[in-house]
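Letter by letter, the sequence shown follows residues 84 to 248 in the numbering used here.
Written out below as structure tokens is the structure these notes cover.
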Amino acid sequence: MFNLHCTKKLLDRIKPDVQGSVDGTTILGDWYATALFWKPQLALLVNERTLLPVIMPLAPATNLAQRFPDALAQVLLELDIELDKVKSELEKMGQVTYCKTSNRSVLGIMNQFTFQAESYRDHFGLVEPLALSVKLAGTPCSPLYKGAICPDLAVREVMTEGIFH
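Take a look at the structure:
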């Protein structure tokens, strides 16, 4: 069980049953999501705890949450997270609760990631969602300055050592 906090533009697109946030069962915790209306259209999901970004195809938008665990697994494996840890996290992601956004700090990071991803796409030709996700994961993020300063390092701490500063 995990919470997926969606921006208004994504909620308008997928039209889910929006509820209040509930206690999740995953190690990584809640996720935030928005739509990137590029060609092709993509979704940007950011973990609230580690700020790990995952970019994936938006279509079909109605089953985004069901497709998300597979996209997350690809990113985690690309970041050298152990397969058994990845499988354990995915097993806990069987149910999703759609919520409105509530953390403005994460929304700010999402805006930053969107801008950076556009730059990587436009100036370096980086268009593959997995490659964009991994590139963005190496970005220093100010909310993480108390510990691991990049999402890729923060997710390694959480997934391998179970700690987070």
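Note that beta-carbon positions come from the ideal geometry of N, C-alpha and C, so glycine has one too.
The DSSP assignment places complete alpha helix (DSSP H) segments of no fewer than 4 residues inside the region 143-229 at 147-161, 166-174, 187-207 and 212-220, in order along the chain. Distances from the CA of D95 to each of F151, A116, S216 and D205 were compared; the closest alpha carbon is that of A116.
Annotation for P234: the continuous alpha helix (DSSP H) segment containing it runs P234 to R239. When DSSP states are grouped into helix, strand and coil, L134 belongs to the coil group. Between A200 and L190, the gap from beta carbon to beta carbon reaches 7 Å or more.
The alpha-carbon separation between C233 and A126 amounts to approximately 21 Å. Q149 is the residue among Q149, D167, K168 and P123 whose C-alpha sits nearest the C-alpha of L87. Annotation: L94 is outside any beta strand (DSSP E); the continuous alpha helix (DSSP H) that includes it extends over K91 to I97. For D153, there are no CB contacts under 7 Å within the same chain when 5 residues up- and downstream are skipped.
Here V217 is not near T133, since their CB atoms are 7 Å or more apart. With 16 or more other CB atoms across the displayed protein chains lying within 10 angstroms of its CB, L111 is buried. In the DSSP assignment, L119 falls within the unbroken beta strand (DSSP E) covering W114 to L119.
According to the DSSP secondary-structure assignment, L141 is paired through a beta bridge with no residue. Excluding its 5 nearest sequence neighbours in each direction, S104 has C-beta neighbours in its own chain below 6 Å: N86 and C182, listed in chain order. Proximity to A237 across L173, V210 and N130 peaks at N130, based on C-alpha coordinates.
7 Å or more divides the Cβ of F198 from the Cβ of P136.
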